Amino acid sequence: MIYRSHVLVCGGTGCTSSKSMEIIDLMNKLLRENNLENEVKVIHTGCFGLCEKGPILVVYPEGATYSRVTLDDVKEIVEEHLVKGRIVKRLLLGDKEAEDVSKALEDVGFFKHQVRVALRNCGVINPENIEEYIARDGYRALGKVLTEMTPEQVIETVKKSGLRGRGGAGFPTGLKWEFAAKAKGDQKYVCCNADEGDPGAFMDRSILEGDPHSVLEAMAIAGYAIGANQGYIYVRAEYPIAVKRLRIAIDQAREYGLLGKNIFGTDFSFDIDLRLGAGAFVCGEETALMTSIEGKRGEPRPRPPFPANKGLWQKPTILNNVETYANIPVIFLKGPEWFASIGTEKSKGTKVFAVGGKINNTGLVEIPMGTTIRTMIYDIGGGIPNGKKFKAVQTGGPSGGCIPASLIDTPIDYDNLLELGSMMGSGGFIVMDEDTCMVDIAKFFLEFTVDESCGKCSPCRIGTKRMYEILDRITKGKGQPGDIEKLELLAENIKAAALCGLGQTAPNPILSTLRYFRDEYEAHIYEKKCPAGVCKALLRYVIDEEKCKGCSLCARKCPVNAISGEVKKPYRIDSDKCIKCGVCMESCKFGAISKMA
Amino acid sequence: MKSLAELEAIREKALKEMSLRDNTGKIRVVVGMATCGIAAGARPVMNAFVEELNKRNVQNVNVTMTGCIGVCKLEPIAEVITPDGKKTTYVKLDPEKARRIVVEHLINGHPVKEYTIGEAE
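The listed protein sequences correspond, in order, to chains S and E.
Residue numbers 6 to 602, in my numbering, belong to the letters of the first sequence in order.
Residue numbers 8 to 128, in my numbering, belong to the letters of the second sequence in order.
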């Protein structure tokens, strides 16, 4: 079959929920009706990154990238572009008037600043076809490693690259592998942390959905390095598409002899099995994850002994994050020096971020370490919507902290973020504007960690709950002098005494917001005001006497009879009775009611 | 897979099938496919280009379509654009001529003067 055109449609979870699979079906149907099914091939791929503008569709060989494609657009794309060769300009992403449409994206900030290493194949190949992975140099690194290198050389290469764990802690990967290689054991294991529990994070999901083989190949290389012949991928069950693509990838790899016995004719054998997580954030923690694989309730345990010496079933085990693994094959193909040439002195390579919140271009981006927050927000993110002012960015999810607008020129890397009271984490990047209440944000993240605490150790089980209660009171206007000091004392103790990372980092959002936005906490407590106008209990609904016509509509709608007055005279709201539901403001036909902080 | 050579063979074959997605440094053949073009028989011309290129294993050429170039009476028209931007416009094509262009111009670098628009005036 000689195809003259390939149409790539994004099959990541985001675009799938916007009907990208139905778009593929409809397109195939219309191609058949136009007798083009032997000329045009439709392929689903992984995440292109600009999720805000999905579903994304790219037509080759022209390289035209179409965005926000709906089922109603498919007919036009087939009839205009695929039959007649006329680009559908209104759907084009980037420079719509570009003469060479494949260059239309060249000046689009979102793509221009990215360096796609871990995401190199996402949006380019069909993840369910191993041959497309092979075409892009897939499994070549494994071949090179097995036939030309010793395990020690493999570890040296990873150490030289400077790769640090991308799951959050940033531990040097080469060093971790070295510990496990040196450990004594008749059986060793290679594990992959695909639990991705941070709310709003989908970096790992996109890699698993768009390029699952990169993880399989890397795990085999790791197995060779440390002397393991079995791997486990612990993937959360809430990622059904990722699970499906992983299963297909493992089956195909086995079929092609790239997993299993005697790979490439050497005496190295390696196989991988899946284990599904059941929705516990704590199971993303190293020791809790292994306990879960063993079939027990996911709870962490003290270290030492570290998993590199005694991990899964007390055997030497390494656990690395999906994104860490995705970088491995490239390090062997292009060399550790190439990898180390990207990034900063202590943070080499790139990092994938899931950009969300108050930002125009929500989606997935991969940038070299050292890129500033300013570039991320304005050049890549497209700025804050509705002309609002940038206030802060939260990195590291519920374990991280916020960086205020005053530090916007900070280059992003592991150490800079730690110094500022935050952390890289797995790659969450939530942008906040002037309408975000920082106390409310801290409460939001703490609510999550309180819910997810496994309960094994008291500092986390009890401490985080007490912190949450204080925050809750503050946001409801019942904060008391001494609350901030209590929060700080609790935070200090929980950080020092909690058993695992969940507890140890749970106080971070509070400490971080206190460091940069203490005035907001004080306003809530001492003035009973929410400066951002978010905390409902601290809002006052006020009727403007000049605009009020005395029609009594609001008084009649008020569910608690808090509004009173005489017809044709201005009405008044009793703040004590008011439950801040906002119905009065919605009903007023004269715009006389507004909410004030 | 028992050897690196086998992996390489699969890689070559798959790369060829995916070469359509690679835009860099390629020669573009743009075939006029508006109503005038289609009526004059541009589809068989385009198919001839694609088949001949495939038969001869040429990887650095992309065949695309476009709308009306303007000189409708000279359809089927195809433009050959090299990476450095040089454009050769071929007119009054048929599948036979297309195949000759593939061999002489696209593979060997010699434009077929007699089929160009200059000669047609």
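Glycine included, C-beta positions come from ideal geometry on N, C-alpha and C.
Keep in mind it's a predicted model, so treat the numbers as computed, not measured.
Distance, Cα to Cα, residue i vs residue j?
i: S:Pro217; j: S:Arg125; result: 12 angstroms
i: S:Ala283; j: S:Ala188; result: 31 angstroms
i: S:Tyr71; j: S:Phe450; result: 36 angstroms
i: S:Gly205; j: S:Gly368; result: 10 angstroms
i: S:Ala247; j: S:Glu214; result: 5 angstroms
i: E:Met8; j: S:Arg252; result: 19 angstroms
i: S:Val195; j: S:Pro373; result: 27 angstroms
i: S:Val47; j: S:Pro334; result: 28 angstroms
i: S:Asn267; j: S:Ser346; result: 35 angstroms
i: S:Gln319; j: S:Gly175; result: 24 angstroms
i: S:Asn198; j: S:Ser404; result: 17 angstroms
i: S:Asn332; j: E:Thr95; result: 44 angstroms
Let me check understanding here. Comparing Cα to Cα, which of the options lies closest to residue i?
i: S:Val14; options: S:Asn43, S:Asn40 and S:Thr75; result: S:Thr75
i: S:Gly232; options: S:Asp200, S:Glu260, S:Ile298 and S:Val159; result: S:Val159
i: S:Thr377; options: S:Leu412, S:Gln485 and S:Gly362; result: S:Leu412
i: S:Ile323; options: S:Gly172, S:Phe184 and S:Gly406; result: S:Phe184
i: S:Cys465; options: S:Glu299, S:Thr518, S:Thr480 and S:Val287; result: S:Val287
i: S:Lys481; options: S:Leu544, S:Asp456 and S:Asn326; result: S:Leu544
i: S:Ala597; options: S:Arg577, S:Asp581 and S:Ile584; result: S:Arg577
i: S:Asn40; options: S:Gly59, S:Val83 and S:Glu57; result: S:Val83
i: S:Gly179; options: S:Ala227, S:Lys89 and S:Ser211; result: S:Ala227
i: S:Tyr526; options: S:Gly460, S:Gly348 and S:Gln485; result: S:Gln485
i: S:Ala285; options: S:Gln192, S:Glu38 and S:Val455; result: S:Val455
i: S:Thr50; options: S:Met590, S:Gly354 and S:Gly19; result: S:Gly19
i: S:Asp112; options: S:Gly555, S:Lys500, S:Pro512 and S:Gly387; result: S:Gly387
i: E:Glu24; options: S:Ile364, S:Leu338 and S:His11; result: S:His11
i: S:Met429; options: S:Ile29, S:Ile135, S:Phe53 and S:Asp203; result: S:Asp203
i: E:His117; options: E:Thr89, E:Leu100, E:Pro102 and E:Ala127; result: E:Thr89
i: S:Lys422; options: S:Glu571, S:Glu153 and S:Gly173; result: This sequence places Leu at residue 422 of chain S; Lys is not what is there. For S:Leu422, the nearest C-alpha among the options comes from S:Gly173.
i: S:Asp278; options: S:Val240, S:Ile385 and S:Pro310; result: S:Val240
i: S:Lys393; options: S:Val370, S:Ile417 and S:Gly362; result: S:Gly362
i: S:Leu97; options: S:Asp488, S:Lys58 and S:Val129; result: S:Lys58
i: S:Thr441; options: S:Thr510, S:Ile364 and S:Ser458; result: S:Ile364
i: S:Ile548; options: S:Ser580, S:Arg520 and S:Tyr531; result: S:Ser580
i: S:Cys559; options: S:Gly468, S:Lys34, S:Cys583 and S:Cys593; result: S:Cys593
Could you tell me which residues DSSP puts in a beta bridge with residue i?
i: S:His11; result: S:Lys46 and S:Tyr65
i: S:Ala600; result: First, the amino acid is wrong: residue 600 of chain S is Lys here, not Ala. Paired residue(s): S:Tyr546.
i: S:Ser569; result: S:Arg577
i: S:Leu97; result: S:Tyr71
i: E:Lys94; result: E:Ile88
i: S:Asn198; result: S:Tyr239 and S:Asn326
i: S:Lys356; result: S:Ile372
i: S:Met590; result: Its beta-bridge partners do not exist; DSSP assigns none.
i: E:Thr123; result: E:Tyr97
What three-state label does DSSP hand residue i in the structure shown?
i: S:Gly402; result: helix
i: S:Thr376; result: coil
i: S:Val547; result: strand
i: S:Gly228; result: helix
i: S:Arg169; result: strand
i: S:Asp142; result: coil
i: S:Glu350; result: coil
i: E:Ala47; result: helix
i: S:Gln235; result: strand
i: S:Cys540; result: coil
i: S:Pro341; result: helix
i: S:Cys407; result: strand
i: S:Pro514; result: helix
i: S:Gly90; result: coil
i: S:Tyr275; result: The residue you asked about is not Tyr; residue 275 of chain S is Phe in the sequence shown. Here S:Phe275 sits in strand by DSSP.
i: S:Ala502; result: helix
i: S:Lys396; result: strand
Does the separation of the CB atoms of residue i and residue j fall below 9 angstroms?
i: E:Gly39; j: E:Gly92; result: no
i: E:Ser98; j: E:Ile124; result: The sequence shown places Val at residue 98 of chain E, not Ser. The answer is yes: Cβ separation under 9 angstroms.
i: S:Lys356; j: S:Arg121; result: no
i: E:Val65; j: E:Ile108; result: no
i: S:Leu31; j: S:Val45; result: no
i: S:Phe434; j: S:Val398; result: yes
i: S:Ser431; j: S:Gly401; result: yes
i: S:Ala230; j: S:Val163; result: yes
i: S:Ile408; j: S:Ala254; result: no
i: S:Pro305; j: S:Thr292; result: yes
i: S:Gly506; j: S:Glu371; result: no
Is it the case that the CB of residue i approaches a heavy atom of the ligand COA more closely than 8 angstroms?
i: S:Asp581; result: Because no ligand of any kind appears in the structure shown, any question about the ligand COA cannot be addressed here.
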